[in-house]
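Numbering (the working numbering), first residue to last: 113 to 319. This report concerns only the one structure given below.
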Amino acid sequence: MPDTLNFYQSRGFAQRVGFGARTALLIVDFIKGFSDLSSPLASNLDKEIAATKKLLIAARKRKLPIAFTTTEYDAGFRDAGVFIKKVPSLVVLKKGSPFVEVDDRLKPRADEHVLVKKYASAFFGTSLASTLTAAGVDTLLITGCTTSGCVRASAVDSCQHGFRTIVVRECVADRAPEPHEANLFDIDAKYGDVVSLAETLAYLKTL
């Protein structure tokens with residue numbers, strides 16, 4: 113989309129926010145309900161999970177704050193609101209189901225936060241913002257799925273909470289390329305920086 117990007121830049125969009133001084137890593141919904149192909153919500157996330165594992169290893173080595181999210185609902189799904197009417201397949205994300213567990217390839221450690229959310233944003237109805245603020249974080253690296261859903265919503269809220277928002281391109285996934293690319297473009301134009309894994313890893317080496 114070079115012509116579109118040039119147009120946006122000529123109107124003052126798509127500037128860089130850059131990395132800050134204190135960084136955290138957020139892994140959004142890389143759970144079995146989205147990675148296990150027996151789930152109706154799933155797609156092949158092998159490449160993106162492998163890339164995220166590289167980033168996770170680097171973040172752990174530098175002792176960065178790390179948070180994961182899962183989406184899960186109580187029996188009866190009263191906590192799913194109208195969301196489950198829009199996306200009935202969410203019924204597989206029932207509390208206690210293996211589908212709500214973080215993918216084994218990214219298994220959280222005991223000292224890493226696992227936030228339970230009900231809707232798209234990792235911030236909505238969770239303690240994420242206050243936890244990051246208490247840790248002095250000014251930059252949030254976002255990975256996970258889906259780019260057009262929970263990643264985008266989390267990126268928008270990250271910006272709105274005042275964090276430098278970095279979406280790592282190789283570490284986010286969607287079910288189809290069109291919404292994936294369109295939302296990466298939009299995030300990069302308005303809410304944060306879409307950055308390569310290589311650039312992100314190089315930055316972490318400076319910390």
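Glycine residues also receive a C-beta, built at the ideal position from the N, C-alpha and C atoms. Note that this is a predicted model, so its numbers are computed, not measured.
Residue nearest to residue i in terms of C-alpha spacing, selected from the options
i: Ala-294; options: Leu-205, Val-263 and Leu-176; result: Val-263
i: Lys-219; options: Thr-181, Tyr-231, Arg-276 and Ser-233; result: Thr-181
i: Leu-316; options: Ala-136, Asn-118 and Ser-122; result: Ala-136
i: Ala-147; options: Gly-304, Tyr-120 and Arg-217; result: Position check: residue 147 holds Ser in this sequence, whereas Ala was assumed. With distances taken between Cα atoms, Ser-147 lies closest to Arg-217.
i: Lys-175; options: Tyr-185, Arg-221, Ser-209 and Ala-187; result: Arg-221
i: Cys-257; options: Ile-139, Leu-117, Arg-134 and Pro-114; result: Ile-139
i: Ala-179; options: Leu-168, Gln-272 and Ala-265; result: Leu-168
i: Pro-177; options: Asp-223, Thr-255 and Val-214; result: Asp-223
i: Ala-187; options: Lys-198, Val-204 and Lys-197; result: Val-204
i: Asp-298; options: Pro-152, Thr-259 and Ser-150; result: Thr-259
i: His-292; options: His-273, Cys-271, Gln-272 and Thr-255; result: Thr-255
i: Cys-271; options: Tyr-303, Glu-290 and Leu-296; result: Tyr-303
i: Glu-213; options: Lys-198, Lys-166 and Ser-151; result: Ser-151
Cα-Cα separation between residue i and residue j, rounded to whole angstroms
i: Ile-161; j: Ala-154; result: 13 angstroms
i: Ala-163; j: Asp-141; result: 15 angstroms
i: Gly-248; j: Lys-230; result: 26 angstroms
i: Ala-267; j: Lys-207; result: 26 angstroms
i: Phe-275; j: Ser-209; result: 33 angstroms
i: Pro-200; j: Arg-172; result: 36 angstroms
i: Phe-189; j: Phe-236; result: 18 angstroms
i: Gly-261; j: Ala-246; result: 27 angstroms
i: Thr-318; j: Leu-117; result: 30 angstroms
i: Thr-183; j: Gly-193; result: 13 angstroms
i: Pro-114; j: Lys-159; result: 26 angstroms
i: Phe-119; j: Leu-296; result: 16 angstroms
i: Tyr-185; j: Lys-198; result: 15 angstroms
i: Thr-243; j: His-273; result: 12 angstroms
i: Lys-165; j: Asp-215; result: 11 angstroms
i: Ile-143; j: Thr-238; result: 17 angstroms
i: Leu-149; j: Gln-127; result: 38 angstroms
i: Asp-191; j: Ser-122; result: 44 angstroms
C-beta contact flag for residue i and residue j at 7 angstroms
i: Leu-253; j: Leu-240; result: no
i: Thr-251; j: Phe-131; result: yes
i: Phe-195; j: Gly-145; result: no
i: Ala-301; j: Ala-265; result: no
i: Ala-288; j: Leu-157; result: no
i: Asp-269; j: Val-129; result: no
i: Cys-313; j: Ala-133; result: As written in the sequence, residue 313 is Leu, which differs from the Cys given in the question. No, Cβ-Cβ distance for Leu-313 and Ala-133 is not below 7 angstroms.
Quick check on the DSSP output: what are the complete beta strand (DSSP E) runs of length 3 or more inside the segment 192-274, in order along the chain? 225-229 and 251-257, all fully within the segment 192-274.
Curious, which full-length beta strand (DSSP E) runs of at least 3 residues does the segment 121-154 contain? Whole beta strand (DSSP E) segments, 3+ residues: 135-140.
Are there three or more Cβ pairs, one per stretch, closer than 8 angstroms when the segment 275-293 is compared with the segment 302-309? Yes, since at least three Cβ pairs between the segment 275-293 and the segment 302-309 fall closer than 8 angstroms, the two stretches touch.
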